[in-house]
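> Take this structure first; my questions come after.
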Amino acid sequence: MAQNILYLFPDTNLFVQCRQLGELDWVNISPFSEIHLIVSRPVQGEIDNQKSRGNGRIQKRARKASSLFREILLSNSSHKIISNDDPVVKLFLWPENVKADSCPETLNLSEPDDHLVAAVWLYRKRHPGDDVRLLTHDTGPMGTAKTLDVPFVPIPDTWILPPETSEKEKKIKELEQQVAMLKSSEPTVTVECLNYRYEAVDILECEYVKYQALSKDEIEKLLALLEDRFPMAVPKDDSGAVKVEKDKNTNRYKLNISSGYIPLSENAVQEYEKNTYPDWLNKCKDIFNGLHQELQKMAEDTTFCYSINNKGTRPGRDVLVEFEAFGDFMIMPPRDEDSGENEPIELSEPPKPPAVQYHKKSSLSLVDAIANMGINRISSAGNHAFSRNFDFPIAREFKRDPNAFYYKTGKSGSLRKVEKSFSLECEQWRHGNEPELFNGIVVFDNIKEKIEGMLECRVHAENLTEVVVKRITIRINVKTESIYDKALALIDSLQ
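Heads up: the sequence shown begins at 1 in the UniProt record's numbering, then just goes up one per residue.
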């Protein structure tokens with residue numbers, strides 16, 4: 001059974017113009033399971049010549065290829081394994097010097113390209129059963145091979161390294177950079193808008209959830225469920241006696257409480273049935289009516305983030321960074337972490353019905369009972385309070401960091417209010433540091449199916465000739481969501 005091997009005679013450009021042999025995508029060359037790269041004598045000679053010319057990339061690559069050839073010659077193996085993947089790639093040397101009388105007369109062996117094609121032609125003649133081809137990126141050898149019916153494989157363009165910058169070009173570029181740096185007397189400001197993956201974008205796509213108000217029927221169902229789970233209780237009255245008598249000797253009233261239960265008053269029962277319980281249901285109804293609004297307040301903010309960097313050689317003086325919204329929305333700075341705006345949404349616990357109270361037998365003057373209420377508590381608390389030593393804070397003047405950004409008061413006179421714009425200022429913006437990240441919140445009252453507008457960032461500085469401007473498009477897709485399940489969860493949370 002014949003081996004599934006492709007024999008390729010590479011041109012010099014495989015070694016000096018392409019990426020490293022082990023990095024190349026050999027699987028796209030052919031479906032063979034093994035590839036033998038056979039380096040002919042003319043290619044070896046060209047590599048030897050190029051390794052001593054100049055000091056550019058070609059010379060470095062030629063020296064590396066020459067070292068690879070030398071490694072094969074000095075080893076006990078006839079080849080060097082380039083890749084053990086599929087396909088397996090092996091590198092061989094074929095040192096035979098092709099003579100003119102052993103190849104077609106049309107070939108001029110003094111020409112390196114013709115010499116290479118002659119080597120392929122001769123090897124194919126000696127190994128008629130093998131698949132032998134030329135591997136080159138140049139059109140000259142391709143044309144010569146075609147006239148002799150020698151098959152060839154073009155080196156893919158993706159294998160070729162980008163053009164090398166000459167030493168002269170490198171030096172010119174370096175000098176231009178130095179001149180630009182010396183001439184520069186301004187900060188160099190770059191502005192980018194980042195998405196949630198911190199990628200620079202020109203269009204910021206967001207999604208916003210709009211909570212749908214509960215319908216009248218849904219609210220009626222929820223209230224019926226509340227009444228079913230927490231019905232109005234029927235107060236129970238157990239016998240007991242509470243008497244208020246007048247002491248004939250002291251002319252004072254006293255409580256004469258027998259051990260047992262104080263009976264319920266009709267007023268307490270009526271208050272519970274006509275006011276307390278119905279009021280609780282009405283409060284729950286009010287919460288259900290406004291639940292979508294409360295959930296909307298607690299929804300995750302639609303935010304934006306700008307990355308602004310001073311890459312120049314000078315700090316920015318008296319810097320002003322402005323953000324302005326154009327379109328269907330307004331903006332505001334980030335909220336304070338301790339703003340406490342999002343209170344938890346919950347239903348109040350069902351009211352408990354009036355209940356009888358158990359009392360042990362006692363006899364106490366009404367006047368004494370009232371007089372003694374809380375005396376110990378008040379006196380002890382008072383003694384403790386007046387015995388404290390108060391440490392009054394010393395007022396200190398707040399001093400700004402000249403290298404930090406601070407919010408400016410907006411048109412409304414507040415730092416963190418919803419407006420069409422807000423801004424920050426810095427006395428001296430250092431250069432060469434990490435980018436400054438500026439965050440903000442997109443706010444909109446009229447929630448439509450799609451909200452779109454433009455957000456503009458402007459950077460001013462005393463020593464900046466032109467204002468740096470970055471505009472982006474903001475598109476917010478609104479998705480409507482039912483809150484009936486969330487209302488049910490509020491009921492389920494009640495004990």
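Just so you know, even glycine gets a beta-carbon here, dropped at the ideal spot from N, CA and C.
The structure presented is a predicted model; accordingly, all values stated were derived computationally and were not measured.
Tell me the residue span of the beta strand (DSSP E) that contains Val319.
Run containing Val319: Gly316 to Gly327, per the beta strand (DSSP E) assignment.
> Is Asp286 helix, strand or coil when you go by DSSP?
Of the three classes helix, strand and coil, the one that applies to Asp286 here is helix, per DSSP.
> For residue 546, which of helix, strand or coil comes out of DSSP?
Residue 546 lies beyond the range of the chain shown here (1 to 495); nothing can be said about it.
> Just tell me which of Lys90, Leu116, Lys297 and Val88 has its CA closest to the CA of Pro42.
Out of Lys90, Leu116, Lys297 and Val88, Leu116 has the C-alpha closest to the C-alpha of Pro42.
> Closest to Glu169 by C-alpha separation, out of Gly56, Glu192, Asp217 and Asn309, would be which residue?
Comparing Cα positions, the closest option is Gly56.
> Would the beta-carbon of Pro187 fall within 8 Å of that of Asn310?
Contact: yes.
> Please report the residue range of the beta strand (DSSP E) in which Val468 lies.
From DSSP, the beta strand (DSSP E) with Val468 extends over Val468 to Glu481.
> If we ignore side chains and look at the alpha-carbon of each, how far apart do Phe390 and Arg400 end up?
Because the pLDDT at Phe390 is just 45, under 50, the model does not fix this residue reliably, and the value given afterwards should be weighed accordingly. Taking the straight line from one Cα to the other gives about 30 Å.
> In whole angstroms, give me the CA-to-CA distance for Asp336 and Phe323.
Taking the straight line from one Cα to the other gives about 19 Å.
> With Asn309 as the anchor, note down where its beta strand (DSSP E) starts and where it stops.
Run containing Asn309: Thr302 to Asn310, per the beta strand (DSSP E) assignment.
> Kindly list the residues whose CB is nearer than 6 Å to the CB of Ser387, restricted to its own chain and excluding five residues on each side of it in sequence; keep chain order.
Bear in mind that the predicted position of Ser387 carries a pLDDT of just 42, short of 50, making it too unreliable to give a figure here.
> From the DSSP output, in three-state form, read off His127 for me.
Here His127 sits in coil by DSSP.
> Indicate whether Cys206 and Ile476 have their beta-carbon atoms separated by less than 8 Å.
Against a cut-off of 8 Å, the Cβ pair of Ile476 and Cys206 comes out as a contact.
> Let me know if Arg19 comes out buried or exposed under the rule of 16 or more other beta-carbons within 10 Å of its beta-carbon.
Counting Cβ neighbours within 10 Å, Arg19 comes out exposed, since fewer than 16 surround it.
> Buried or exposed: which applies to Pro87, given that a residue is buried once 16 or more other Cβ atoms fall within 10 Å of its Cβ?
Answer is buried; the Cβ neighbour count reaches 16.
> What's the C-alpha gap between Ile474 and Val16?
If I take the Cα positions, the gap works out to 49 Å.
> Considering just the uninterrupted stretch of the beta strand (DSSP E) at His79, what are its terminal residues?
Note, His79: beta strand (DSSP E), His79 to Ser83.
> Buried or exposed for Ala487, going by 16 or more other Cβ atoms inside 10 Å?
Flag for Ala487 reads buried.
> Closer than 6 Å by C-beta to Glu218: which residues in its own chain qualify, once you throw out the five before and the five after it? Chain order, please.
Within the same chain, Glu218 has close Cβ partners Tyr484.
> In the DSSP output, which residue or residues are listed as bridge partners for Glu207?
Glu207 is bridged to Asn477.
> Which of the three DSSP states is assigned to Phe32 in this structure?
Three-state result, Phe32: coil.
> In three-state DSSP terms, what is Glu23?
Three-state result, Glu23: helix.
> Quick check: the Cα distance between Ile72 and Leu93, rounded to an integer number of angstroms?
Going by the C-alpha atoms only, they are around 8 Å apart.
> Using the DSSP secondary-structure output, state which residues sit across from Glu174 in a beta bridge.
Looking at the DSSP assignment, Glu174 forms no beta bridge with any residue, so it has no partner.
> Among the candidates Phe405, Ser75 and Asp48, whose CA atom is the shortest distance from the CA of Ala65?
Answer by Cα proximity: Asp48.
> If distances are taken between C-alpha atoms only, which option among Lys352, Lys216, Met298 and Lys274 comes closest to Asp286?
Per the Cα distances, Lys216.
> Please return the same chain residues whose Cβ sits closer than 7 Å to the Cβ of Arg63, not counting the five positions on each side in sequence.
Excluding sequence neighbours, Arg63 sits near Lys51.
> Using three-state DSSP, classify Lys168 as helix, strand or coil.
Here Lys168 sits in helix by DSSP.
> To which residues of the same chain is Pro112 closer than 7 Å at the C-beta, ignoring the five residues directly before and after it?
So the list reads Pro42 and Glu46, once near-sequence residues are dropped.
> If we call anything under 8 Å between Cβ atoms a contact, is Gly440 one with Thr303?
Their beta carbons are under 8 Å apart, which means Gly440 touches Thr303 by this criterion.
> Could you give the distance in angstroms between the alpha-carbon of Ala355 and the alpha-carbon of Leu264?
Each residue's alpha carbon lies about 7 Å from the other.
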